[in-house]
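Protein chains: 8
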Amino acid sequence: METVEILTKVKNNEISVEEAESYFRRQPFEEMGYAKLDLHRKVRCGFAEVIFCSGKADEHLLGIFKKLVETDGEVFGTRASEHQYEMIKKEFPEVEYDKISRILKIEKQDKERIGKISICTAGTADIPVAEEAAQTAEYFGSNVDRIYDVGVSGIHRLLSKLDVIQSANCVIAIAGMEGALASVIGGLVDKPVIAVPTSVGYGASLNGLSALLTMINSCANGMAVVNIDNGYGAGYMATQINRLAEK
Amino acid sequence: METVEILTKVKNNEISVEEAESYFRRQPFEEMGYAKLDLHRKVRCGFAEVIFCSGKADEHLLGIFKKLVETDGEVFGTRASEHQYEMIKKEFPEVEYDKISRILKIEKQDKERIGKISICTAGTADIPVAEEAAQTAEYFGSNVDRIYDVGVSGIHRLLSKLDVIQSANCVIAIAGMEGALASVIGGLVDKPVIAVPTSVGYGASLNGLSALLTMINSCANGMAVVNIDNGYGAGYMATQINRLAEK
Amino acid sequence: METVEILTKVKNNEISVEEAESYFRRQPFEEMGYAKLDLHRKVRCGFAEVIFCSGKADEHLLGIFKKLVETDGEVFGTRASEHQYEMIKKEFPEVEYDKISRILKIEKQDKERIGKISICTAGTADIPVAEEAAQTAEYFGSNVDRIYDVGVSGIHRLLSKLDVIQSANCVIAIAGMEGALASVIGGLVDKPVIAVPTSVGYGASLNGLSALLTMINSCANGMAVVNIDNGYGAGYMATQINRLAEK
Amino acid sequence: METVEILTKVKNNEISVEEAESYFRRQPFEEMGYAKLDLHRKVRCGFAEVIFCSGKADEHLLGIFKKLVETDGEVFGTRASEHQYEMIKKEFPEVEYDKISRILKIEKQDKERIGKISICTAGTADIPVAEEAAQTAEYFGSNVDRIYDVGVSGIHRLLSKLDVIQSANCVIAIAGMEGALASVIGGLVDKPVIAVPTSVGYGASLNGLSALLTMINSCANGMAVVNIDNGYGAGYMATQINRLAEK
Amino acid sequence: METVEILTKVKNNEISVEEAESYFRRQPFEEMGYAKLDLHRKVRCGFAEVIFCSGKADEHLLGIFKKLVETDGEVFGTRASEHQYEMIKKEFPEVEYDKISRILKIEKQDKERIGKISICTAGTADIPVAEEAAQTAEYFGSNVDRIYDVGVSGIHRLLSKLDVIQSANCVIAIAGMEGALASVIGGLVDKPVIAVPTSVGYGASLNGLSALLTMINSCANGMAVVNIDNGYGAGYMATQINRLAEK
Amino acid sequence: METVEILTKVKNNEISVEEAESYFRRQPFEEMGYAKLDLHRKVRCGFAEVIFCSGKADEHLLGIFKKLVETDGEVFGTRASEHQYEMIKKEFPEVEYDKISRILKIEKQDKERIGKISICTAGTADIPVAEEAAQTAEYFGSNVDRIYDVGVSGIHRLLSKLDVIQSANCVIAIAGMEGALASVIGGLVDKPVIAVPTSVGYGASLNGLSALLTMINSCANGMAVVNIDNGYGAGYMATQINRLAEK
Amino acid sequence: METVEILTKVKNNEISVEEAESYFRRQPFEEMGYAKLDLHRKVRCGFAEVIFCSGKADEHLLGIFKKLVETDGEVFGTRASEHQYEMIKKEFPEVEYDKISRILKIEKQDKERIGKISICTAGTADIPVAEEAAQTAEYFGSNVDRIYDVGVSGIHRLLSKLDVIQSANCVIAIAGMEGALASVIGGLVDKPVIAVPTSVGYGASLNGLSALLTMINSCANGMAVVNIDNGYGAGYMATQINRLAEK
Amino acid sequence: METVEILTKVKNNEISVEEAESYFRRQPFEEMGYAKLDLHRKVRCGFAEVIFCSGKADEHLLGIFKKLVETDGEVFGTRASEHQYEMIKKEFPEVEYDKISRILKIEKQDKERIGKISICTAGTADIPVAEEAAQTAEYFGSNVDRIYDVGVSGIHRLLSKLDVIQSANCVIAIAGMEGALASVIGGLVDKPVIAVPTSVGYGASLNGLSALLTMINSCANGMAVVNIDNGYGAGYMATQINRLAEK
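Protein chains in written order, with this note's numbering: chain X, 27 to 273; chain D, 27 to 273; chain S, 27 to 273; chain V, 27 to 273; chain C, 27 to 273; chain H, 27 to 273; chain Z, 27 to 273; chain L, 27 to 273.
Shown next, in the form of structure tokens:
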């Protein structure tokens, strides 16, 4: 998009051919050898880069954490272990860690939140995934309503919350085992529903694959599915929708 | 159970050792070479033998059909093709065939029916399986309520029928695609629920496997599952339960 | 929501207790025996009921078609066969049928369309699914941009269309085989992406399951997935998002 | 069901419109934030709510345990760890824990038991699942006969117990590995059989999936299947059937 | 094994170095371009080469058929279509075709048969696979007992045949659906059992995969499994065992 | 089989009707509550009962161990842990334990061995399974040749051992990863081959499932397959064949 | 790569800023609406675009065919049906069609071929896939040796051809059923091996998935795998390697 | 190949018949009981034998290590644990161990490297697999370019490295999760691409199976796939190709 500007500068001899060529070659990422941080992401997508902490070596995680704090003044990491929290805290005593959602973050104060996202879970055991979704959405500026333990085996619990759920711009439905909650919500609301299967269950739940299949095959309209336990992905997409609605 | 009787007769020389031995050896089935018909089944289990017609050669099907009509005065076949119907009709003009359920039968008049079974389907496309279940249950002497097209994408349709469903001794929940109907019914009624996944669907429905997994993983209490499209099996078991309840 | 109104009328003796009770019992659907048409759906969700034609018996399809035309003055059916088109055309000569998308519809003239949805396919063979999505979105009032045959094996084709794709409120990414298109689009745009795996492919494509897994595991942010070949579902959800954005 | 009563009271000014509306809104569950306890379940279904302990945080488990003891004077938890037992015992020294079945409970004295359920296992390793089923059934008021280690590799062991098995109202057949026991029992008894696949086995047993498939495909009549290792589900449904039979 | 002989001839100048080298290079097969017929197989293994007819082009099948008749004076083909039978019959009017087993053969008269193999099926629909096994075993010189339709849903049928089954050197157990027959036979006989899963069944039978898993996981001793519907493979291996026993 | 004898005694008043009836009822197993030991197995099948130790509680294992030593003077356990070995050794200091095969046994001295079984592995990592097979076969009286690490990636190793392999009555082919060894051996020998897939491998080996599929689909004749890592099952069946051959 | 050239031209006013910008935007493909033909592919990759004919509408196939003939003077299509051949022949009477490989092409005369690729199949039924590979490699300028029907069930056939196979720059190993051929070849040659699983087989071959797993898990070094039946892909990559070797 | 030489010596009485026979029998491997080391491999294939350390017993690993160091003066082991490193270091203090790639080796100094292989990863977590590939290729004499963290969610990172990637003789593309990187690279380069799926991911990544399926189904030309996490296999085959190109 900025090609015209650069070319004009070349033509006007404001920059050299070499400078222009290097510009076209320069990429909007920070080369760290083991990682290439996408620092232009916030500009390009409206969302800063987030760290998937799981499995990262300590020195790599620390390096990436530092670079992102420097760049943005805040940072958001998912799937962090307690060990990683302790390790980061030594350098950044202000870092916050939530054991349930396993989110590790430094967040700016007084950020504004807009719109609303409803996050529903079938059971208590789905709450870690729900909190990953909720805190992601809040970090990126959405208001969130939490409606937990409204699974279909006692459907009156869900029905009693319909007004709240329906009032959001987007609904996240989180369930393990047979994952039927998503279909039922999909049939009851007129907003986009993002379904998140969880690995909660045993036996033929196949670590969440059964719930995933349930949700993918749902006969409800206006629903799409993310990976098993992917609360982050649901919170991110819900925020995109929420922002569009509040634009 | 009859060992004592036979042995007493031996002791009293009412029958010879050879006769007794042959008795112990004789099996309660009709040897037809290609089949061994279980003619004592009605006595042993309270249900006459049923013919699974699919894939049977014409001469085999006809042979078995004849033998069962002779023995019981009626006969019940599932998964029959139109060709099989035409073939049987030549010898048994009174035979009845239902294209939807693919049931082929000769049934005695004025059989009594007891109790009640509710049969629910998620959609219109599940009706062939539901009719296989319903007509099986009726043949074996149960009353049946049909509640069709009450899938979870419009849950008010199901809720409006709850009284009817709840009044049965046993409920059969039939659904393809994501199969969530069974879980929702399981959470709403206090009777045993037999869940039947169907092969209705496309893509990741995997010909009914997804619905089967949904139902097996259901968090609802009091539910068990039969094979994909197995309306007959559900109707049979529901009748067993219905008979126990009406005993 | 209307409980207070009804109760107030009861209190004021404007309606009898019996009438009120019947009101609470009455469901917003048309009971047709083989189907329960959700006629309040348009009011409740903003989208009229759509017919999934595949596998419906002629008389059932015709009955449902008639009822919906009566109610809404227009009707939209997916997965219709040519036979079904011929059958419906006898009663409704104005019905339109598109062989590619297999959509069968009667549509009101001069309906307004708002916003924009971009629909991308990896190859030419994915076009039937794309057209199902596109025509669904158009029927429900969205503008659509079609960007076909931009699969990753020649990524310059996709990059050349980025401006168009990026200008929509929502993007639908459709691909069979390995399904990588969705991830690449997800990394390039900052709008919600709905990924549709298709059954295009052979061998280990497993009739679309491989593409589905690719999309579900995508490392791209802001993406969710619908069932294999489910163009309708993607077009529906994209319209929900598009409406929210244009509100 | 109680709508008429409430409406009558409104009409008679016995309660205000606001009170009535709040009644319709109030749900028969205890909102605990992390859980919504279904306290009306015993009334609605005849079975009190049961706790699935696995994976519950200590404070959540304790909170739920307390609430249920308060409400019902007894409580039943499945899949409890020894740690959870120790934790609960500090507040409820009377709590009982069975290491084999992992059941954690406080049970009222002198509860009556009715009818009979037969519980069969293929091997010794299936006993934990069988005990979960047996103790569930006993807690809810059924008599239970345990017939363990009667797998088909030595079928005379099973045949020697047929009289006992046959005398129950319902049979639970529990097996891992190839799961053939359920089919054989299904062919020998005329009562409903609930089949429970277990994760006992190795290699191609796929953690119980093979046994599940065996049972779902069974050619025996009158059999349905619950999830792998789901002794609780089998015990629950068997009790429903047993109660119907003893009604 | 014959290296010493050849080398001795070289040393004694009975054959040239070149001849010897060519000997080591010459392979015991007939090169036909599209096929390499293993004509030494009968010498090496005691069993002549067999033709798997399915999918072979007419000219290829005919060419191979001719070559084998020339070499051995007889030939045995499996999975032949009626079309292939008609095609071969034009050149070999004496060829025999069995529609059930789909075996196409020219067989020498008065071949001797030894020992005994028992072949059991669970149902009538398994007979095509059983006949492939039986006729293979007979062609290669084994006596065969056929015991059909003795599935576990009526186990008295199987028990009544135990003496016959037990008297063989090897038992072939053939079953589709849940495949439990193999385990039961495995527990009742003390001879090697070859289990053959069949594709008979529907729904979760997965075209025989479920029966295969059942058999592979069998807790019975002395049993091994061949591919789904592979009657030929079972008949072949049973003959090897039968020959060893009658040696 | 002994029915005639018993009946004759009844007729002759050598035993009472009651005694005879009790005889027919008495089962040839030891009821231990948690287990039903098949003590007549050695008579019936020629092989004493073997203990699958894995997962048995200490007291159960010890009880079974004791009973079998009492009955047979020797005992053979598979899949035993070191802990179980230590536990048993306290009561039976003469017990032997092999860490590689995990076999735990007390064996009589100077048992005779007959015939020969060849046991081949693809790699070094398959040796534990091979030793389970070998020691099982030896315990039950077969001579065994061990040919280890002859996988197909260096096929000259296998070819150099062909004479040895071919001289056995039965061959056991053991391989993980892609499991191709079994097919190659199947094509080279004219004796029955029992193929054992192992869980050796990583990634798409799916814990042995890939090797199992390879072996089941083998185009080699005279081969059948047992469960993943089931050395015991292969050793048992090979002994049956070896005994038949040496009869 | 050409950025510097363009920029230099801009600087020198040889082209306008607008022209340069349009250059950067112009993509090397032909926009046909339903397809975007990659006409620069031959320059970029050294291989012209190939048509995957399967599933293309007649008018689309014809349009693409025409455009490619115009551009390159020749064209190569895979997976063409006889109908498509007839349709194309009307406009291009010189088009050639091979029924076995289903290749449809117009090829320039007297193209040079270099190096050598060996193509081996396990059986006769794998020849269609082998011919797709062979003719692809030949079209793109490689010499090909065909070695068919050398499967592992008679390994001497393969060993007799080793010199020929070993003399190529690259080997393609094609096999269905258990796919063991690829591993054996991989262990015998020191050139890169491209393994192609085929859908030849039945039962547990799972339409080629088992052969694919076998090949992916191969313990042989220097081997990689393409999709089931993907002869084209193997021929293409083998040509890349052959060209590198002959450079 | 040396048959003629040996035979000529026999003819000339330079060696005895017995010696010659023994020569033909002697195999080019070291028999170690638990292993058969392929010491002629380096001559036959140009690559010395490599040790797959995982799961080898200490004494076996040490024995093999010693023998290979003796033979070749260097040795290369993959998938070694730290424990194995410590164990080997006691006898070979010069051994080197890399924790990331888990490679354990003794390598000769000053080995020459030729050509170039590019190794790309989608993310930081794929680096262990990439290093296994890179160090394998380097050990066998290839130059390697490492391009890490260029996954498709930020495709500009990949595009910025295209010149480097394109300049290699062969490209290795390594990715977990959805594995789309391989397809994109396959579409951008004109060199053979070896795709390596990794087990990086969670939920529906199925431990790398999803990435494997993605890569196998890739629509890109000139790509083949190795097992999940098989960096060694990719490095080996890439070296074969690199050597051919630099010949």
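Glycine included, C-beta positions come from ideal geometry on N, C-alpha and C. For clarity, every value in this text was computed on a predicted model and none was experimentally measured.
Does the beta-carbon distance from residue i to residue j come in below 8 Å?
i: GLY257 (chain L); j: VAL222 (chain L); result: yes
i: THR147 (chain Z); j: ARG128 (chain Z); result: no
i: VAL190 (chain Z); j: ILE211 (chain Z); result: no
i: TYR165 (chain C); j: GLU133 (chain C); result: yes
i: THR162 (chain S); j: GLU204 (chain S); result: no
Note down, in chain order, each residue of its chain lying with its Cβ closer than 6 Å to the Cβ of residue i, except the 5 sequence neighbours on either side.
i: ALA156 (chain Z); result: ILE145, THR147, ILE200
i: LYS273 (chain S); result: none
i: LYS35 (chain S); result: ILE41
Cutting at 7 Å between CB atoms, please list the residues of its own chain near residue i, excluding the five before and the five after it.
i: HIS86 (chain L); result: TYR60, ALA61
Shortest alpha-carbon distance to residue i belongs to which of the options?
i: TYR228 (chain D); options: S:SER225, S:GLY229, S:ALA230; result: S:SER225
i: ALA159 (chain X); options: X:SER42, X:VAL43, X:GLN266; result: X:GLN266
i: ILE153 (chain D); options: S:LEU185, S:MET203, S:GLU56, S:GLY81; result: S:GLY81
i: SER4 (chain C); options: C:LEU65, C:TYR123, C:ASP136, C:GLY177; result: In the structure as shown, chain C starts at 27 and stops at 273, and residue 4 (chain C) therefore has no counterpart that could be examined.
Counting C-beta neighbours from all protein chains within 10 Å, is the total for residue i 16 or more, i.e. buried, or is it exposed?
i: ASP84 (chain C); result: exposed
i: ARG52 (chain D); result: At ARG52 (chain D), the pLDDT of 46 sits below 50, so the modelled position is not reliable; the number obtained from the coordinates is stated separately. The residue is exposed, with fewer than 16 neighbouring Cβ atoms inside 10 Å.
Based on the DSSP output, what are the partners of residue i in its beta bridges?
i: VAL251 (chain Z); result: Z:ALA221, L:VAL251
i: ALA148 (chain L); result: Answer is none; ALA148 (chain L) lacks a bridge partner.
i: ALA208 (chain X); result: Answer is none; ALA208 (chain X) lacks a bridge partner.
i: VAL101 (chain L); result: L:ILE132
i: ALA201 (chain D); result: D:PRO223
i: LEU33 (chain V); result: Looking at the DSSP assignment, LEU33 (chain V) forms no beta bridge with any residue, so it has no partner.
i: LYS62 (chain H); result: H:GLU57
i: ARG172 (chain X); result: X:ILE145
Excluding the five sequence neighbours on either side, which residues of its own chain have a C-beta within less than 8 Å of the C-beta of residue i, listed in chain order?
i: ASN39 (chain H); result: none
i: GLU217 (chain L); result: Just to set this straight, residue 217 (chain L) is Lys in the shown sequence, not Glu. Cβ neighbours of LYS217 (chain L) beyond the five flanking positions: GLN192, ALA194, ASN195, CYS196, VAL197, GLY248.
i: MET27 (chain L); result: Low per-residue confidence applies at MET27 (chain L): pLDDT is 40, beneath 50, and the placement is therefore not dependable enough to give any value.
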